[in-house]
Each structure stands twice: as structure tokens, then as C-alpha cells.
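Step one of this worksheet: look at the structure below.
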Amino acid sequence: MYWLLIAAVPTLILLALMSWLLVLVAEEAYLGDRAVAFLYDRAAGVYDTVKARSARHDSRRVALPLARALSGVPRPLILDVATGTGRLPLLMASQRGFAGRIIGLDLSANMLAEARRKTEGLPDAISLLREDALTLSFGDNTFDAVTCLEGLELFSRPEAALREMARVLRSGGVLLISNRVGPETILLPGRTYREGQIRTILRGLSFTSVQVKRWQQHYDLVWATNTGE
Ligand SMILES: C[S@@+](CC[C@H](N)C(=O)[O-])C[C@H]1O[C@@H](n2cnc3c(N)ncnc32)[C@H](O)[C@@H]1O
Numbered sequence: 023m024y025w026l027l028i029a030a031v032p033t034l035i036l037l038a039l040m041s042w043l044l045v046l047v048a049e050e051a052y053l054g055d056r057a058v059a060f061l062y063d064r065a066a067g068v069y070d071t072v073k074a075r076s077a078r079h080d081s082r083r084v085a086l087p088l089a090r091a092l093s094g095v096p097r098p099l100i101l102d103v104a105t106g107t108g109r110l111p112l113l114m115a116s117q118r119g120f121a122g123r124i125i126g127l128d129l130s131a132n133m134l135a136e137a138r139r140k141t142e143g144l145p146d147a148i149s150l151l152r153e154d155a156l157t158l159s160f161g162d163n164t165f166d167a168v169t170c171l172e173g174l175e176l177f178s179r180p181e182a183a184l185r186e187m188a189r190v191l192r193s194g195g196v197l198l199i200s201n202r203v204g205p206e207t208i209l210l211p212g213r214t215y216r217e218g219q220i221r222t223i224l225r226g227l228s229f230t231s232v233q234v235k236r237w238q239q240h241y242d243l244v245w246a247t248n249t250g251e
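Given below as C-alpha cells:
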């Protein structure tokens with residue numbers, strides 16, 4: 023009997039290690055989109071506290087350059103895919119002179135509930151929607167900008183999500199996504215891209231002027247323009 027227990031120890035350690043990798047590093051990404059949403063439903067109440075540090079630079083690194091890129095559009099329409107608790111919509115809506123509208127979508131009801139609570143004073147600028155990033159309900163060429171921060175590596179088919187983002191973006195529109203980088207990406211095969219890979223994928227989707235910039239410890243920001251061809 024004891025030998026059976028001893029033989030099971032390496033298997034149990036392996037299982038514990040795999041669970042740790044799946045939940046903490048890959049955020050259940052390989053269990054499917056619903057499982058990821060389930061995890062974020064559980065984390066919604068503490069998400070902003072965990073992210074508070076990185077949020078400090080968001081205005082300078084994300085919102086200001088996006089507002090500048092859209093400065094020629096009087097009332098830009100922006101889609102924020104995997105909006106979570108409304109980080110990007112709130113940032114954009116608080117930009118001085120911003121007269122556009124942001125639609126934030128997410129699969130997690132609880133993340134959206136947090137976003138709704140934080141954006142309730144801004145009904146003209148921000149709408150929220152529960153929807154899967156892989157099957158967007160919007161028509162072609164709808165948005166002046168499409169953004170997706172810290173979402174791509176969680177999608178079961180990130181390239182399908184990118185195709186959808188390209189589809190709903192108008193010709194000349196701006197794409198802003200994050201791409202996870204760093205040693206942990208080895209644990210996220212097929213969900214993150216080397217710089218050359220993301221450039222190739224986006225060019226294949228008719229994007230030009232692809233720019234990759236370091237953003238945070240774990241992410242690059244990728245900016246691109248849709249040629250609409
Ligand atoms: C790390 S959070 C990022 C939230 C926000 N963009 C930010 O930067 O704070 C990832 C979000 O992606 C959402 N998500 C994951 N898979 C999704 C999918 N297939 N469709 C829509 N949202 C998804 C999760 O529910 C979660 O809110």
C-alpha cells in the first residue's frame with residue numbers, strides 16, 4: 023500500500039505544477055473561452071487593485087497617443103475588445119476634448135458589472151456589451167479604432183479574433199493591441215507572437231505601418247493602420 027502512495031507522489035506533484043501553470047500563468051487560457059470568463063468572473067472584485075500600478079502610466083502610453091491618432095476624426099467610434107473593468111473606455115472618455123464614443127465588450131459578466139459601476143456617469147461616451155471577441159456582432163468597417171489590451175493571449179483563437187478586429191475596423195482605422203512578451207510566453211504556445219510574427223500576421227490582414235513598442239514588463243503595444251484592401 024505504501025509503495026502505491028510513494029509512486030503517486032511524482033504524479034501528484036506534476037498535477038499540482040500543471041494546475042499552477044494553467045491558472046496562474048496561462049490564466050486557464052487552454053480550457054476555453056468560457057473557462058477564462060469564469061476565472062475573470064471570480065477575479066472581478068480584485069482586478070483593479072491588482073492592476074493599480076500599471077494603470078499609472080496608461081494615460082501617457084495608451085490614451086494620449088490613441089487620442090492623437092484619432093485627432094482628425096471629430097467623433098471617433100472605438101471598440102475595446104476584452105474591456106474588463108473598463109480601463110480603456112474610462113481612459114479615453116477622460117481625455118480632454120474627447121467627443122467620441124467607446125463600446126467595451128467582454129465575455130465576463132462580473133468584469134462588465136465592475137465596468138458598468140465605474141462608467142455609469144458617462145452613458146453618452148461609453149456602452150458595454152457581453153460578447154465573445156471571436157464572433158463580433160458588428161458590421162464591416164464600423165469603427166475608427168479597435169483596441170484590445172491584455173486580451174489576445176487569453177482567446178482560444180487569437181488570430182481569428184484579430185481577423186474580426188480587422189473586419190470591423192474601417193479603412194484607415196487604428197488598431198491597438200497588446201502582445202504578451204517575456205520568458206513566460208513559453209507557457210502560452212500559439213497565444214503570443216514574436217515581433218516578426220505579429221508584423222506578418224497584421225500585414226496579412228491588410229494592416230500597414232505596424233509599430234511595436236515596449237509597454238510593460240509582460241507586454242508590447244502594437245499599433246497598426248488598416249488599409250482596408
Ligand atoms: C487581463 S483582462 C484585460 C482587461 C482590460 N482590457 C484591461 O486591460 O484591464 C482580460 C479580459 O479578457 C476577457 N476575455 C477573455 N476571453 C474573452 C473572449 N473570448 N471574449 C471577450 N472577452 C474575453 C476576460 O473576461 C477579461 O475581462
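Those letters in the sequence shown? Residues 23 to 251, by my numbering. Positions of the beta carbon are idealized from the N, C-alpha and C atoms, including for glycine.
Inset, instruction - Determine the direct distance from the alpha carbon of T169 to that of L158, and round the result to whole angstroms. - result: 13 angstroms
Legend entry - Residue burial classification, V203 (beta-carbon count within 10 angstroms, cutoff 16): buried
Inset, instruction - Using a threshold of 8 angstroms, state whether the C-beta atoms of L197 and A121 are closer than that. - result: no
Inset, instruction - With a 10 Å radius around its C-beta and 16 neighbouring C-beta atoms as the bar for buried, classify V58 as buried or exposed. - result: buried
Legend entry - Separation of Q117 from Y215, as counted between CA atoms: 31 angstroms
Inset, instruction - Please report how far the alpha carbon of D63 lies from the alpha carbon of N132, in whole angstroms. - result: 5 angstroms
Inset, instruction - Compute the distance between the beta-carbons of A137 and G94, then report whether it is under 8 angstroms. - result: no
Legend entry - Cα-Cα separation between L174 and A183, rounded to whole angstroms: 8 angstroms
Inset, instruction - Whole angstroms is fine: what's the gap from L86's alpha carbon to P96's? - result: 16 angstroms
Inset, instruction - Go ahead and pull the three-state DSSP assignment for T230. - result: strand
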